[in-house]
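Note sheet for the following structure.
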DNA sequence: CTAGCACAGTAAACCGCTTTACATGGCGAA
DNA sequence: TTCGCCATGTAAAGCGGTTTACTGTGCTAG
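Protein chains in written order, with this note's numbering: chain V, 2 to 334; chain D, 2 to 334.
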């Protein structure tokens, strides 16, 4: 591969000149410019990024850590981040922590070694302080989708409270009063906020919340399934369920189908996320849509601003939207 | 950050010694080793990967190019590759081409610049020779899931022919004779092979294939939808459809639902891939499962072998498995 | 007694680019 | 005429490692 020096020699100038020319740090007369351009073309010169990075200390790369890249929600988020990064000439290192705390820690440490310019972090489990401590030492971090308390960095979240509020209101408007909630780990911000939205809607309607119908566990299909079974096994049954993720809703749907409880006939259900499959399941799922593409895009934008020192801590809340499909029916009919 | 020289100074040896010690290229007496280890611990030394890479020319990173990381099939594949890469200490650069030829070209070129050690390539559109030419110039490439004719590199594919054969056989065994196929772009290997499997099954059963019921287009929901509509609009209708991807099948399902054609009552359907949502749709989809995790794992393994020069061109075919659910019924009831 | 060898390292070049500080020539102004 | 300055560059020192070739020093074998 041709190097900068080769180009310089070919063009009859010094490597310095070529370097500075390419980085717009020098004004050269037309003739010289032409010679350099010609040499570059002739030798098919492409700068060695490794050398450039070592020299400048900037990598033009970011790290993206996701809980599970195979999960469509995170995959879409990742795709959006990647697309925006690419637009700005940034490469993205991806790591999938598979819900493993050790791997999260690893990913952050490795980020240090990879010398990426920044990190977009997603997590789906409550932090015990480990992550917060680790992230505090790093400069360019933005948190996406889920909070890690105690780190002061830009954050991009959605209106969790609003979303759950709207979902619950929809159920109440359909005549439901016995409403259960199935959600993720109690320590997670999104879980707390969605629960708060639920409580607010219930409160405003003057309905007492049954605490034993608030089932917190994991944002997973399995937990959705198990929680629904538990609900069905109880003395009294709710007539509607707010599942705080579409994965949970899917699990619920499976349990209900297995128990031959008709949806929405015998049980109404609303999800959260609006994953691609939400409209494909039976029945098509009424759910709260998160603006995934916008979230990813914005997260990268924030990170870039951070890298360029034009940004400090900010918190953005993106609006969500209730998408009404077929999984909610009027109570009793 | 502490450098190698800092460590050397602290330990009272030369940087060379430390470097060689860390890379197991020298035997040092216990005393010296201890001093170096102590210095490393004291200074919290972590080697600068950038410098190491520039120096050695090895990056311990690979590039993964996928058509669409937001697509669960590719996302799962990517997750599997990432997991295996991580096990071996490799980082992975991800790029999503969004079905754009220019972006594919870009990704490959950039790979050259990023100086990654290798590339795992997935594509979902026929190559006009551009990619083949580009890839020929690069050493460490493995093709995953789909072929690019004319490049002699390791490949990891599935038994496409077998899969379609089994799917078709299932339909024939259920009494169907009027079977249509909806598939991806005609130029794609997977499309050809799946079609071949279909023809073989039909041939063995002595059924004539209706060429106008072979609908080739894109591996997308939209095309599945449109193709199904076209099928329904015809003079005669098939009683069963082989959709060569689950995305296609979903589209078909939507079109059929809209036209109030019951599945599997009025129309049987089998998909391909066994994406996570396949069992969640209505009715749960009978489909051909691809061993996604194994594909990803193997692709990385092959690439690693290639990087270490212990491998040349190989082609692996992973077996597929017919997963019977509820979307196929006996013909006539 | 000495040649030779193993041991325990080291000096210095190099990977390819950036950047700081400096150089040269010509020209305008005093 | 001379000074200074602008335009047009250049030399060389990094960035932080790796690697090749080499050096002392002591010990052993002959």
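From the three backbone atoms N, C-alpha and C, an ideal C-beta is built for every residue, glycine too.
Note down, in chain order, each residue of its chain lying with its Cβ closer than 6 Å to the Cβ of residue 306 of chain V, except the 5 sequence neighbours on either side.
Same-chain partners within the cutoff: 312.
Shorter than 9 Å from the beta carbon of residue 131 of chain D to some beta carbon of chain V?
The beta carbon of residue 131 of chain D does not come within 9 Å of any beta carbon belonging to chain V, so the residue lies off that interface.
What ranges does the beta strand (DSSP E) occupy inside the stretch 226 to 304 of chain D, keeping only unbroken runs of at least 3 residues that lie completely in it?
Correct list: 241 to 244, 269 to 274, 287 to 290.
Test: residue 345 of chain D CB closer than 9 Å to a CB of chain V:
Examination of residue 345 of chain D is not possible in this model, given that chain D is present from 2 through 334 alone.
Starting from the Cα of residue 175 of chain V, find the closest Cα among V:333, V:7, V:6, V:3 and give me that residue.
The residue with the shortest Cα to Cα distance from residue 175 of chain V is V:333.
Backbone CA spacing between residue 314 of chain V and residue 303 of chain V [nearest angstrom]
Looking at the two C-alpha atoms, the distance is approximately 9 Å.
Contacts of residue 278 of chain D in chain V (Cβ-Cβ under 7 Å):
Listed by position along chain V, the residues whose Cβ is nearer than 7 Å to that of residue 278 of chain D are 278, 281.
How far does the beta strand (DSSP E) with residue 109 of chain D in it extend, from its first residue to its last?
No beta strand (DSSP E) contains residue 109 of chain D, which is instead part of the alpha helix (DSSP H) from 102 to 115.
Taking residue 287 of chain D as the reference, give the member of D:229, D:295, D:294, D:278 with the closest Cα.
If you compare the alpha carbons of D:229, D:295, D:294, D:278 with that of residue 287 of chain D, the shortest gap goes to D:278.
Determine, using beta carbons only, whether residue 242 of chain V comes closer than 9 Å to chain D.
Answer no: the Cβ-Cβ gap between residue 242 of chain V and chain D never drops below 9 Å.
Can you find the residues in the same chain that come closer than 6 Å, C-beta to C-beta, to residue 7 of chain D, ignoring five residues on each side of it along the sequence?
Excluding sequence neighbours, residue 7 of chain D sits near 44.
Comparing alpha-carbon positions, which option in V:75, V:57, V:16, V:62 lies nearest residue 41 of chain V?
Closest by alpha carbon: V:16.
Unbroken stretches of the beta strand (DSSP E), 3 residues or longer, contained in the stretch 38 to 85 of chain D
Entirely contained in the stretch 38 to 85 of chain D, the beta strand (DSSP E) runs reaching 3 residues are, in chain order, 62 to 67.
Cβ contact (3+ pairs, closer than 8 Å) linking the stretch 221 to 233 of chain V and the stretch 195 to 208 of chain V
Verdict: no, contact absent.
In chain order, what residues of the same chain lie with their CB nearer than 7 Å to the CB of residue 308 of chain V, ignoring the 5 residues before and after it?
Leaving aside the five residues that flank residue 308 of chain V on each side, the residues in its chain whose CB is nearer than 7 Å to its CB run, in chain order, 118, 119, 141.
At a CB-CB cut-off below 9 Å, which residues of chain D make contact with residue 73 of chain V?
Result: 71, 72, 73, 76, 277, 278.
Comparing alpha-carbon positions, which option in V:253, V:131, V:100 lies nearest residue 269 of chain V?
Nearest in C-alpha terms to residue 269 of chain V, of all of V:253, V:131, V:100, is V:253.
Using C-beta distances below 7 Å, list every residue in its chain close to residue 225 of chain D, excluding the 5 sequence neighbours before and after it, in chain order.
Cβ neighbours of residue 225 of chain D beyond the five flanking positions: 183, 244, 248, 249, 250, 251, 252, 253.
Would you identify the three-state DSSP class for residue 94 of chain D, choosing helix, strand or coil?
If DSSP states are grouped into helix, strand and coil, residue 94 of chain D belongs with the strands.
Counting only Cβ pairs nearer than 7 Å, list the residues of chain V close to residue 270 of chain D.
The contact set of residue 270 of chain D on chain V, defined by CB atoms closer than 7 Å, is empty, because the minimum CB distance reaches about 13 Å.
Taking all protein chains shown into account, do 16 or more other C-beta atoms lie within 10 angstroms of the C-beta of residue 325 of chain V, making it buried, or fewer, making it exposed?
The residue in question, residue 325 of chain V, is exposed, as its Cβ has fewer than 16 Cβ neighbours within 10 Å.
Taking its Cβ as the centre, do 16 or more other Cβ atoms sit within 10 Å of residue 367 of chain D, making it buried, or is it exposed?
Lying outside 2 to 334, the shown extent of chain D, residue 367 of chain D is not represented and no answer is given.
So residue 47 of chain V contacts chain D; which residues on that side make the cut at Cβ distance below 9 Å?
Under the 9 Å cutoff, chain D gives 110, 113, 114.
Looking at chain D, is there any beta carbon in it that lies within less than 9 Å of the beta carbon of residue 149 of chain V?
For residue 149 of chain V, the nearest beta carbon of chain D is not closer than 9 Å to its own beta carbon.
In chain V, what lies closer than 9 Å to residue 93 of chain D by C-beta?
In chain order: 94, 95, 96.
On the three-pair Cβ rule with 8 Å, is the stretch 22 to 30 of chain V touching the stretch 20 to 35 of chain D?
They do not touch, by the three-pair rule.
If you drop the 5 nearest sequence neighbours on each side, which residues of the same chain put their C-beta closer than 8 Å to that of residue 284 of chain D?
Once the five neighbours on either side are set aside, the close Cβ partners of residue 284 of chain D are 264, 265, 326, 327, 328.
Apart from the five residues just before and just after residue 292 of chain V, which ones in its own chain have a Cβ nearer than 6 Å to its Cβ?
The answer, listed in chain order, is 319.
Helix, strand or coil: which one does DSSP assign to residue 311 of chain D?
When secondary structure is reduced to three states using DSSP, residue 311 of chain D falls in the coil class, being assigned neither helix nor strand.
CB contact check: residue 99 of chain V to chain D, cutoff 9 Å
Under the Cβ criterion of 9 Å, residue 99 of chain V is counted among the residues facing chain D.
Inter-residue Cα distance where the pair is residue 190 of chain V and residue 196 of chain V
Distance from the CA of residue 190 of chain V to the CA of residue 196 of chain V, rounded to the nearest whole angstrom, comes to 10 Å.
Partners in chain V for residue 52 of chain D, counting only beta-carbon separations shorter than 8 Å
Those within 8 Å of residue 52 of chain D in chain V are 55.
Residue 184 of chain V (DSSP reduced to helix, strand or coil):
Residue 184 of chain V falls in the strand class under three-state DSSP.
For residue 131 of chain D, which beta-bridge partners are listed by DSSP?
Residue pairing by DSSP leaves residue 131 of chain D without any beta bridge partner.
Return yes when the Cβ of residue 321 of chain D is within less than 9 Å of the Cβ of residue 161 of chain D, no when it is not.
Yes; because the gap between Cβ atoms is below 9 Å, this pair is in contact.
Any beta carbon of chain V sitting closer than 9 Å to that of residue 124 of chain D?
False, the Cβ-Cβ gap to chain V never drops below 9 Å.
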